[in-house]
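Chemist: Mapped onto the numbering used here, the consecutive letters of the sequence shown carry residue numbers 286 to 533.
C-beta atoms are modelled at their ideal positions from N, C-alpha and C, and glycine is treated no differently.
Sharing a structure, written as structure tokens. Questions coming.
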Amino acid sequence: MNRRSFLTRSSTAALAASLTPALSKLSAATAPTPPAAAGATYPFAVSALPYDFAALEPHIDAATMKLHHGKHHAAYVTNLNAALKDHPKLHGQTVEQLLRQRETLPAALQPVVRNHGGGHLNHEFFWQIMRPVGTAGAGGQPGERLAAAITAEFGSFEKFREAFNAASLRVFGSGWSFVIVDHATKKLKITTAPNQDGELYQTDRTCLLACDVWEHAYYLNYQNRRADYLKAWWNVVAWDIVTRRFAD
């Protein structure tokens, strides 16, 4: 074997070895299990998508997914890790723990954890509660128990969607809309939050659903037509996962 062949084979083997964990992670992520919170500790990382960038088309286009996942979400993680680098006492904390205690953190860290930690947590959840059209659980209707709870609270599934869309359209500028179960009342609620604030780290509620209404989530395909984006987004909601979170 000459030197060039040896180097080529060695490089190929190294690349395959480096890709194996990522491919295994992606394969595992395709299983229709309820998404866990982004519980990894420092250094945080962006999870691989459980589908291809183009898998949500025509409702969410591949270019948007590449930019959203690979640039915007990745930037939140990069900035969060950079801010935490010199705070080893916090390296064992999950994103949720950091967000819950952010007001006790050093002053310089508080906005970073709120914005970039919140952005990481929200996006990790967002990717997992969507599913390509045509796959089990995508679009359609929630499971029987969740459907009954929706009807009891909102009158019908269609009225629920209308209420969620209306709340999402009222978000001024950038933010998120959520569906939660309040642990005290056991009732469903639609909530919204500005920027990267959210519901996923709260201990008195369970977040079932989240929709990113920042313009970067839809602008390439829908420009300023947030209403059209919301209408399309319902086609890729993974109702099996949302229903199982409700059951838990």
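#1: Would you say the stretch 469 to 489 touches the stretch 400 to 409, given that touching needs at least three Cβ pairs under 8 Å?
#2: With DSSP run on the structure shown, which of helix, strand or coil describes Arg-416?
#3: Buried or exposed: which applies to Gln-395, given that a residue is buried once 16 or more other Cβ atoms fall within 10 Å of its Cβ?
#4: Looking only at C-alpha atoms, which of Ala-517, Asp-533, Asp-497 sits nearest to Val-466?
#5: Hey, is the stretch 413 to 423 in contact with the stretch 514 to 527, meaning 3+ C-beta pairs nearer than 8 Å?
#6: Residues bridged to Asp-467 by DSSP?
#7: Rounded to a whole number of angstroms, what is the C-alpha to C-alpha distance between Asp-346 and Leu-505?
#8: Beta carbon of Phe-442, beta carbon of Ala-432: below 8 Å?
#9: Do three or more CB pairs link the stretch 385 to 401 to the stretch 360 to 372 at distances below 8 Å?
#10: If you count every other CB in all the chains shown that lies within 10 Å of the CB of Gln-378, and 16 or more means buried, which is it?
Modeler: The answer reads as follows:
#1: Proximity of the stretch 469 to 489 to the stretch 400 to 409 meets the contact definition, three or more beta-carbon pairs being nearer than 8 Å.
#2: In the structure shown, Arg-416 sits in coil (DSSP, three-state: anything other than H, G, I, E or B).
#3: With fewer than 16 other Cβ atoms from the protein chains shown falling within 10 Å of its own Cβ, Gln-395 counts as exposed.
#4: Selected option, being the one with the closest Cα: Asp-533.
#5: A contact exists between the stretch 413 to 423 and the stretch 514 to 527.
#6: Per DSSP, Arg-490.
#7: C-alpha separation (whole angstroms): 8 Å.
#8: Here Phe-442 is near Ala-432, since their CB atoms are less than 8 Å apart.
#9: The stretch 385 to 401 makes contact with the stretch 360 to 372; the number of CB pairs closer than 8 Å reaches 3 or more.
#10: Buried: at least 16 other Cβ atoms inside 10 Å.
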